[in-house]
Structure formats: structure tokens, C-alpha cells
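S.K.:
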Amino acid sequence: MDELTRHLGKINIASNGDRIYKDECVYSFDTPETPTGLYVSLTSFVGLGQDHVLRYYQQTGNPVYLHIRRIRREVPSEHQGDGPEKKITRLAIGTVDGFMPDQQKYTYDESYRIVVLPEFTSIPYPASNLPEKVEQAIKVILQMEGAWAVAQMEAAANTWDGEVRSESKHAASLKQLDNGKKIPPSGWKCEKCDLTQNLWLNLTDGSILCGRKFYDGSGGNGHAVEHYQTTGYPLAVKLGTITKGGKADVFSYDEDDMVDDPNLSAHLSHWGINIAQMEKTDKSMIELELDLNQKFGEWVSLQEAASKLTPLYGPGYTGLTNLGNSCYLNSVMQALFIVPDFVKRYVDMAPRIFEQTYNDPASNLNVQMAKLGVGLLSGKYSQPPKSDDESRQGIPPRMFKVLIGRGHNEFFSNRQQDAQEFFLYLINILNRNNRHEACPTECFKFNVEERYQCGKSSKVKYTYRPEYILPLPIPMEAAVNKDEVAAYEAQKKEAEAKGQKLDSNILVRPRIRLASCLESFNSSEMVEQFYSSALNEKTTARKTTRLASFPDYLLIHLKKFTVKEDWTPIKLDVAVEMPDVLDLSSMRGNGLQPGEELLPDGGAPPPPVYDAAILSQLTDMGFPPNACKRALYFTENRSLQDATNWVMEHIADSNFDDPFVPPGVDVKSGEDKFVADQDALEMVMGMGFTQEQATRALKATNNNLERAADWIFSHQAELDALDTDSSSSPPGESFRDGSSRYKLVGFISHMGTSWMVGHYVCHLLKEDRWVIFNDEKVALSENPPKELGYIYMYQRID
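Per the working numbering, the sequence shown starts with residue 17, numbered consecutively.
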């Protein structure tokens, strides 16, 4: 006890705002459930595993720790069903109200002791003779939420999930007709067909009609939405989802979303429905989506659900726990850590990284990348189970997810995200973090050559830019099985007309060869409104795109996500034949050719003028400002309709929301290569920052106004040093280059109908065999579905 008393001056009592890392080590994935437990510093509140606590003490001098040990005990099978069944209300895994695996199989016993370093002197806790300050410090740590729980609550704030819905604008003033209708408590049937499920009660006129057809052929015949289109009556409640508590699925056709109706009880009472007597008898829309996602054919194929997969364990075969729709992150990180550059930077260098970064390690990107890499490749957290009943293992990337998403509204949330967007976002973050040393992302970087030929003078212009992923269009017209697809669609329509369904195991997708995608990328395109410096006027130009260098690892992004005519996001359900070995020599760019004459330097058109009224209307629709400026430029401000059509035609372009520079206009080197959004620039400067500070902040955050000010405050040292890094490819920038031949070593697949929903899995070629990484499940792949991937990783063959 005397040893503890000597260190009272170094013990702190946590207060609101302090982060308590009591769930996991900041340097490893040790937790209180690890046999050696977790040590929480009573000075910094940092959690440490057995392998790191002594080093941390030597670096910081913080000597006193609360040791937490948690033992999980299995609940006897006869008692696992005790208590009310937990309702799943969120499309998420591992989050409150979502899927919670093994939620009733285990109970937990926790024990505590105080440990004083360097001798690891152990003092029991609780104890009657502890100093009051120590007692209070430990009490607060045990009472306060852990850092991960706090981050989860922050991520959930103001974001949509399965329960939080906006109040309908029609709820307070909904018109209800006095037509004498009374709705019985059961026996419902669609008034326009014979369907008795998926029925919706229109709250204005009491009509009972069937809902929309789902993508698997089930659902309804769409009579409820047809009724809205005829009458304009906006709100409908799904019969069978009404509960005594006043909950139900309410859809607003006018607002095109599930909504909250605080007056639902009164609106139902108008039709003779007493909520107090209602029982839920039908699945909610969330439960239906969960069911559909599980049985949709693509899910079965991509997860290889039809095969009995052999689990794999050991170094390189560690899974990642799904932290509430984090499967996109899991898949990307698994793929990155088969690349030698990432292994050398973060795994081989992990001891040095850990030694040098004891100050706030949870917020140090190098530490969290090293922690994740070591966790995946060490094998420590991927041990064969001791019994068949032992649950699957997997490490949860909690601290990494919080750190990488901080300041980003989407990646900090628990919503599903696009893996391709996350990859590019991560590349940007890693590049900034490794500004003064070699960055492992260099292995993906390649130089893109764009050749413009003036339509009138025939002179040419070559521009270059760095990229990290090759986006390929999918030409649906190039399908090699058009007749088979047409026959399948006709057969499906015939079955639907008879009220039947085709066998769900029979699914015919359009099949397209990768060569067709490459040909589409290589084909030239006409560029309107091109400024020709030879003519000093706008004209047309023909643009061709090639690769000026071939990276060590080439990432190919198949552009499967698009929008329908009604702007609904969808995914192309298509199979693309991806070869195991790929030769891209036809895509090599060679620069200026004999006989070509370059467009002269100098001269510039006046800056583009955008119709303010049309620009405002476009942005009010939710389109990005840069995309709206592009639309107005290329449609010459003709009309809102023309601009809207342009946006919809180009929404899948890779540069859709990049800062807009008119084609043919030279961009100066250095800082001028970045084009700051003018409105955002003025707003940041209005906060008291200089133009240079505002420009650099917007550049670092991709013109994100919400994050720009935070970036300035957290990068003051960089601003003081006046670092002049460029957002584009400066003269003399180096690129790795070599053979144009590649072999397939991995692919990330998406299951679902759009990027906003679904699930990602990753297949990787390891030790000459394909392995599937499905969150925490890692297994030998029996039938890797190479034709259904979304992002592919090819390794150069020299």
C-alpha cells in the first residue's frame, strides 16, 4: 500500500470529455477477455495488453493501473431462450437493435485488481483501506462509458437507422374522408387483386391495396402506389405491423420515405382501428429487407453459402468483426495487408512505430494501422477453436474505424458505404499522414495520359494526372448471352402474369467480357466546349485516355452502381468475365507521336459564367456543386432540364464531383492546381482565416466545408511551415512502372441492390489458394465467384 500511496500525485480522476479505453488495448487487440486481461492507466486512461504495458510505463512513467479480467461462461442450452426475444430493427451487425451474435449464449464475470509498475505489485480491489483518490478514480472508470461506446453514440447522432425516422410533413394536417369505411381487425385483401400479404392502408380514404414488387419477385403488384398517383393521398400504413405501443410502418409517397406519424393512433381510430387491441402479424419493411438480402441469389454465390467451407486459422487468416455495416472497411483492409508495401510499412515497422508514439496512441494513424496489420498477420487472434461450440474469432477494428472516420459524416456513421469511395478516401488520408516519407500507397499509383485533339486545328494537347484505381464502364450492350437473357426475362414475365415465381436457383445474368469494358475505356470521346489555344476560342475536341505507367498493383473498379430514370440508385446485376492473367499493353500511352503538333501554351478564355438561378435549383436537388457547374458549362446554361439531363447522364463519371476546370484550360503547377470551391472559400475566410489557410484546408478535405475549419485547427504546424504539396501530379513526379502483364490476386464483392445497402466480402489468393474473408469468418474458397466482383486487385508480373 505504501508503494501505491507514493504515486497518488500521478493518479487522475476522469471527467466528462475524457476517453476511457477500458475495452481494448490501444496497441493490440487484447481485451479484458484475453487470458492476461487489460491494464487501464489511472493517469491517462489508456488500455494496454500484457505485451505493451511495461513499455508504456517506461516511456511515460505512469505507474498505476487498474487490471480488468473478464471471464465468459456459457449459459446452459436449456436457459439460453429465457427472457423476451430480441427484436432486430436495424440493418446492422454488432450494434444495439441489430444482429448480436451469441447474445444469449454467454454470461460474464469481471474481476479487478490494482497493479503498480515496474514490479507488477498487485493490490486487491475492492479493498477497505484504499486511498480515497484511488477509490474515486477507479469508481469513475468503471462507471463511465468506454471510448468505443461514446464513439458509437456520436456516430448514431443525427443519422438514419432502423428506428429513427423523420416526422412526415403530412402528419399534422392529414385529410381523412368521412366515407363510412371501417377496417376489420383481420381478413384483409387487396381491393384490386387477390393478394392478402404486404397490404397498405391509405390513411386518407381507407383503401387497402398491395405494395410494390420486391426484386426477388415477391411482394405485391404495386396497387398502393398506383392509388397515390391517381389520388395524391400521401400516407399509408402497413397492415400487420401495427403494435399496441403505437409503432407501425408508415410510408409517405410524397416524401418517398418511411416516416414517423405521431398522430397515428388518431388516424387509425378514424377507420375504427383500436391500437390497444392490435398485434403485429406481418414483417416490417426492415425485416423483409433482411430476409430478402439473405435469400437473394447473389448473396448465396458471393458468400459461397451453398458450400461447406473449411475454416482457416493462423497468421494471415484472421477475420475482422463487423462493427455495424463496417464490412466495406473490413474487405478493403484485408486486401491491403496482402500487399508487401503495407506489410513493410506497418507490420515490419510496428515495434518502432509503437516505441515512438506513446502520446495519444489511439489517435495516431500509424499506430492504428500497425495495430491492425499485426492483428491480421500475427495469428495471435486466429487460433483453432478448442471445441465445436466455441464462437468464431475475429478482431474488431474499433479504434481504426473511429480514427479514420472522424470528421467525415459518412465514414464515421454506421451506415453502409461504398468500398471504392472508402478506398480512395483512405489513400488520401494515408498520403497526408506519410507526407515526409515513402507512402505504401505508391504501389497503387499510376499516371493517366489524356490526349485531346482540336477538332479544327488538329493540334494536340497531352495532360497527365495520378490515379490509384482504374474505373471501367460496363457496356451492357456488349453482353455475350443476349438471347439467353431475353428468354429468361420473357419466362419471368410469363410466370409473373400467372402469379407464379421462377425457381430462385435459376438466374440468368448478362455476361460481359472484361475486354469489352477495356475497349469502352479506350474508345475516344467527343468533348464539347473545348478551349483551343490555337484558335483562342471554344470548339470540339476528341479525347482518348491511356495509362502512362503500370503500377505494382492495379486496382480495377467496375462501375456497377448507377441510377434509374427516377434517380433511384441501383446496381447493375451483371457478370463480368475477369481473366486470371491480364495483358494491358494496348492501354499504354506513349505521349507525343511523330507528326503531331502541340497546341501552343498561353492564352485563356474568360472564366465560365454560371446561371445563378439554375445552379441554385440544381444544388437544391442534392447534386454536388462541382457537378452542377459542369452541367451548366457543357449545356451552356440553356435550361434546368438540359442541365439535369446532363447530370443524370454523367453521374457515374469518376470526376463527377472534382473541382471543375474547363477542358483545354491549363492549370498552373503548385497550389494553383487545386481549384477551391468559391462559396466554401469565402465562408472559411469569413471565419477569420487567411485565403491561403482556407485554400489549403479545402484542398486537404476535398472542398468539404464542414471539415475545413477542423483541419486548420489540427494542422497549424503544417500551415506554419508553409508546406506546398500539390493535389495533382507535379512536373517530375515519379511513378513505378514495368510490365503490362498482371495476375489476379484478390477481389472485393458487393451483395445488394445499391451501394446504400447490402454486404461486402473479400476473396484473396494466398499460398496459391483462394480464401474468402467474410467479416470474422475466414475459410478456404470452394468456388470463388470472380465474375461477380466489384473491385479487383491485379499484381504485376515482371
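We put the beta carbon where it would ideally sit given N, CA and C, even for glycine.
Give the straight-line distance between the Cα atoms of L796 and M594, rounded to the nearest whole angstrom.
M.R.: Position 780 of the sequence shown holds residue 796. Position 578 of the sequence shown holds residue 594. One C-alpha to the other measures close to 20 Å.
S.K.: Kindly indicate the opening and closing residues of the beta strand (DSSP E) around T220.
M.R.: Numbered from 1 along the sequence shown, position 204 holds the residue referred to as residue 220. No beta strand (DSSP E) contains T220, which DSSP labels as neither H nor E.
S.K.: Since T5 contacts K254 with CB under 8 Å, what's their CB separation in whole angstroms?
M.R.: Given a span of 17 to 814 for the chain in the structure shown, any question on residue 5 remains unanswerable.
S.K.: Whole angstroms are fine: how far does the CA of D682 sit from the CA of C533?
M.R.: Numbered from its first residue, the sequence shown carries residue 533 at position 517. Numbered from its first residue, the sequence shown carries residue 682 at position 666. Cα-Cα distance, rounded: 30 Å.
S.K.: Determine the extent of the beta strand (DSSP E) in which V641 is found, giving its start and end residues.
M.R.: Position 625 of the sequence shown, counted from the first residue, corresponds to residue 641. As written in the sequence, residue 641 is Pro, which differs from the Val given in the question. No beta strand (DSSP E) holds P641; the alpha helix (DSSP H) holding it covers P641 to F650.
S.K.: With DSSP collapsed to three states, give me the class of K822.
M.R.: The chain is shown only over 17 to 814; residue 822 falls outside these bounds and no answer can be derived.
S.K.: With 16 as the cutoff for other CB atoms within 10 Å, does M492 come out buried or exposed?
M.R.: Within the sequence shown, the letter at position 476 stands for residue 492. The residue in question, M492, is exposed, as its Cβ has fewer than 16 Cβ neighbours within 10 Å.
S.K.: Less than 9 Å between the C-beta atoms of V700 and A716, yes or no?
M.R.: Translated into positions along the sequence shown, residue 700 becomes position 684. Translated into positions along the sequence shown, residue 716 becomes position 700. Against a cut-off of 9 Å, the Cβ pair of A716 and V700 comes out as no contact.
S.K.: As a quick exercise: from K587, D617 and E510, pick the residue whose alpha carbon is nearest that of A550.
M.R.: Indexing the sequence shown from 1 puts residue 550 at position 534. Considering only alpha carbons, the answer is D617.
S.K.: Assuming L721 and A696 are in contact, meaning their beta carbons sit under 8 Å apart, how far apart are those beta carbons, in whole angstroms?
M.R.: The residue labelled residue 721 in the question sits at position 705 within the sequence shown. The residue labelled residue 696 in the question sits at position 680 within the sequence shown. Indeed, because the Cβ distance is near 4 Å, the residues count as touching under 8 Å.
S.K.: So, does the stretch 476-488 touch the stretch 555-575, judging by three or more C-beta pairs under 8 Å?
M.R.: A contact exists between the stretch 476-488 and the stretch 555-575.
S.K.: For the stretch 420-466, which segments carrying the alpha helix (DSSP H) assignment without a break, of at least 4 residues, lie completely within its bounds, in sequence order?
M.R.: The stretch 420-466 contains these whole alpha helix (DSSP H) runs: 435-449.
S.K.: Measure from the alpha carbon of L781 to the alpha carbon of each residue in E792, T769, F763 and P482, then state which is nearest.
M.R.: Counting from one through the sequence shown, the residue named residue 781 turns up at place 765. Comparing Cα-Cα distances from L781 to each of E792, T769, F763 and P482, the minimum goes to F763.
S.K.: Considering only the beta carbon of each residue, do L158 and Y124 sit closer than 9 Å?
M.R.: Against the sequence shown, residue 158 aligns to sequence position 142. Against the sequence shown, residue 124 aligns to sequence position 108. No; because the gap between Cβ atoms is not below 9 Å, this pair is not in contact.
S.K.: What do you get for G340, buried or exposed, if any count of 16 or more other CB atoms within 10 angstroms of its CB means buried?
M.R.: In the sequence shown, residue 340 corresponds to position 324, counting from 1. Classification for G340: buried.
S.K.: Can you look up I411 in the DSSP assignment and give me helix, strand or coil?
M.R.: Residue numbering aside, residue 411 sits at position 395 when the sequence shown is read from its first letter. Three-state result, I411: strand.
S.K.: Which same chain residues, not among the five before or five after P48, have their C-beta less than 8 Å away from its C-beta?
M.R.: Against the sequence shown, residue 48 aligns to sequence position 32. Within the same chain, P48 has close Cβ partners K38, D39, L54, I84, R85, R86 and E126.
S.K.: Can you name, in chain order, every residue of its own chain whose Cβ lies under 7 Å from the Cβ of Y329, other than the five neighbours on each side?
M.R.: Stepping through the sequence shown from its first residue, residue 329 is reached at position 313. S398, Q399 and P400, listed in sequence order.
S.K.: Kindly indicate which three-state DSSP category D695 falls into: helix, strand or coil?
M.R.: Start at 1 with the first residue of the sequence shown, and residue 695 comes out as number 679. Helix at D695.
S.K.: Sort E151, K197, F751 and G196 by Cα distance to L58 and report the nearest one.
M.R.: Against the sequence shown, residue 58 aligns to sequence position 42. When only C-alpha atoms are compared, the closest one is E151.
S.K.: Shortest alpha-carbon distance to G196 belongs to which of Y141, N237 and S285?
M.R.: The residue labelled residue 196 in the question sits at position 180 within the sequence shown. Residue S285 is the option with its Cα nearest to G196.
S.K.: In terms of alpha-carbon separation, which member of V418, A506, H283 and Y244 lies closest to S189?
M.R.: Indexing the sequence shown from 1 puts residue 189 at position 173. Minimum Cα distance to S189 is reached at H283.
S.K.: Give me the Cβ distance between P640 and D673, rounded to the nearest whole Å; I'm assuming they're in contact under 8 Å.
M.R.: Locating residue 640 in the sequence shown gives position 624, counting from the first residue. Locating residue 673 in the sequence shown gives position 657, counting from the first residue. About 4 Å separates the two Cβ atoms, so the contact holds.
S.K.: Is it the case that the Cβ atoms of R752 and K360 are separated by a distance below 9 Å?
M.R.: The residue you call residue 752 lines up with position 736 of the sequence shown. The residue you call residue 360 lines up with position 344 of the sequence shown. Not in contact: R752 and K360 (Cβ atoms no closer than 9 Å).
S.K.: According to the Cβ coordinates, are Y468 and F370 closer than 9 Å?
M.R.: Locating residue 468 in the sequence shown gives position 452, counting from the first residue. Locating residue 370 in the sequence shown gives position 354, counting from the first residue. No; because the gap between Cβ atoms is not below 9 Å, this pair is not in contact.
S.K.: I'd like the span of the beta strand (DSSP E) that includes K715, first residue to last.
M.R.: Position 699 of the sequence shown, counting from 1, holds the residue named residue 715. Careful: K715 lies outside any beta strand (DSSP E), inside the alpha helix (DSSP H) at Q707 to A716.
S.K.: DSSP has W857 in a bridge; who is on the other side?
M.R.: Because residue 857 is not part of the residues shown, which for the chain are 17 to 814, the question remains open.
S.K.: I think G389 touches F353, with their Cβ atoms under 8 Å apart; what is that distance to the nearest whole Å?
M.R.: Stepping through the sequence shown from its first residue, residue 389 is reached at position 373. Stepping through the sequence shown from its first residue, residue 353 is reached at position 337. 5 Å between Cβ atoms; contact.
S.K.: Quick check: what's the CA-CA separation for P526 versus L760?
M.R.: What you label residue 526 is simply residue 510 of the sequence shown in a count that begins at 1. What you label residue 760 is simply residue 744 of the sequence shown in a count that begins at 1. Near 22 Å, if we compare the C-alpha coordinates of L760 and P526.
S.K.: Using the Cβ count rule (16 or more neighbours within 10 Å means buried), how would you classify D688?
M.R.: For this step, residue 688 is matched to residue 672 along the sequence shown. Residue placement at D688 cannot be trusted, given a pLDDT of 44 that sits under 50; what the coordinates show is reported in the next sentence. Looking at its Cβ environment, which holds fewer than 16 other Cβ atoms inside 10 Å, D688 is exposed.
S.K.: Does DSSP put G110 in a helix, a strand or coil?
M.R.: Within the sequence shown, residue 110 is the residue found at index 94, counting from 1. Below a pLDDT of 50, predicted positions are generally treated as unreliable, and G110, at 42, falls in that range; the measurement from the model is reported next regardless. Reduced to three states, the DSSP call for G110 is coil.
S.K.: Under a three-way DSSP split, which group does Q545 fall into?
M.R.: Locating residue 545 in the sequence shown gives position 529, counting from the first residue. Strand, per DSSP.
S.K.: If L64 and I139 are in contact, beta carbons under 8 Å, what's the gap, nearest whole angstrom?
M.R.: Locating residue 64 in the sequence shown gives position 48, counting from the first residue. Locating residue 139 in the sequence shown gives position 123, counting from the first residue. The pair is not a contact, with the Cβ atoms about 18 Å apart (cut-off 8 Å).
S.K.: Run the CB neighbour count on K645, radius 10 Å, all protein chains shown included, and call it buried at 16 or more, exposed below.
M.R.: Against the sequence shown, residue 645 aligns to sequence position 629. Its Cβ being crowded by 16 or more others within 10 Å, K645 is buried.
S.K.: Thinking C-alpha only, which one of L392, V383 and E161 is nearest S31?
M.R.: Translated into positions along the sequence shown, residue 31 becomes position 15. The residue with the shortest Cα to Cα distance from S31 is E161.
S.K.: Taking the Cβ atom as the reference point for each residue, do F213 and K260 lie within a distance shorter than 9 Å?
M.R.: Numbered from 1 along the sequence shown, position 197 holds the residue referred to as residue 213. Numbered from 1 along the sequence shown, position 244 holds the residue referred to as residue 260. The sequence shown places Gln at residue 213, rather than the Phe named in the question. Cβ distance not < 9 Å, so Q213 and K260 don't count as in contact.
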